[in-house]
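Heads up, the thing below is written out as structure tokens.
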Amino acid sequence: MTGAGSAHNLGSPWPVGMGSLLFREATEADIEVLQSFRNDPDVNRFMVRTHVEPDDLRREWLAVPDSATDYSCVVERDGQVVAMGFLDIVDGSGQPGRPAGTDSLIGYIVRPGAAGQGVGSATARALLQAAFDRLGLRRVTAAANLDNVASVRVLEQAGMRRERHAVKALWHRELGWVDEVEYAMLDEEWAARTSWPDGNAT
Ligand SMILES: CC(C)(COP(=O)(O)OP(=O)(O)OC[C@H]1O[C@@H](n2cnc3c(N)ncnc32)[C@H](O)[C@@H]1OP(=O)(O)O)[C@@H](O)C(=O)NCCC(=O)NCCS
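Residue numbers for the sequence shown follow full-length UniProt numbering, beginning at 1 and rising by one.
Okay, structure coming up:
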């Protein structure tokens, strides 16, 4: 989450319904539950930012609707928040004249009690759909610790292409130097898809 900016100048991509899941912007009523699982040790095992101060978490989530770069969402199922999805506009490098506001970074955290039920995979798909179909972005990337098997599966099943494998690039407090993988998808790859790699229809 970036928290910066001056309004959703692309319009909000949320809310979106997908099966039993509702992807929507967070409200004050969600903050307590987001705080309760964001700093859970199981959740943080592979996160680079291992702890978020509760006040920072509140400020960052409540700033999303007014941000020009942060389009993050919460994921609701049966009236309960089961995950958070991150979608930040983060431009890459390039020479002067590079178009601005075209690239984004996605991420996700599933509430421990809801893990292993397809919520992470659905969230990655919803974030890609939001980035390409609703925000009209050009390129989406996501990074994961290679040891984070579930996250790597989520990205591969979302049809993202592994384009970087950085060996012993990331410091992990228990594992030491670990590998990091980065995945990407371009708008043209998104448009060319007819189904998800696991056979699910688009
Ligand atoms: C990574 C994470 C988002 C996965 O979400 P999830 O809802 O549990 O994932 P899904 O149920 O959609 O499963 C996705 C795939 O991962 C596999 N998987 C899920 N949990 C797993 C685990 N603990 N170990 C190995 N594989 C696992 C599933 O079997 C599935 O693969 P399959 O379809 O081939 O069977 C979730 O575990 C999480 O929030 N982790 C903590 C935060 C985090 O690491 N975020 C990502 C930072 S890059």
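C-beta atoms are modelled at their ideal positions from N, C-alpha and C, and glycine is treated no differently.
- Per DSSP, the continuous alpha helix (DSSP H) segment holding ASP187 begins and ends at 187-192.
- For GLU163, there is no enclosing alpha helix (DSSP H); the enclosing beta strand (DSSP E) covers residues 161-172.
- By the criterion of at least three beta-carbon pairs nearer than 8 Å, the segment 109-121 is not in contact with the segment 89-99.
- Sequence-distant partners of HIS165 (beyond 5 residues in either direction) whose C-beta falls short of 7 Å from its own C-beta, in its chain, are ASP179 and VAL181.
- Under the three-state reduction of DSSP output, GLY113 falls in the helix class.
- In this structure, the C-beta of ASP42 approaches ligand 1 to less than 8 Å from one of its heavy atoms.
- Your pair SER151 and ALA158 does not check out as a contact, with CB atoms roughly 11 Å apart and the cut at 8 Å.
- Exclusion of the five residues before and after GLY101 leaves ILE89 as the residues of its chain whose Cβ lies within less than 6 Å of its Cβ.
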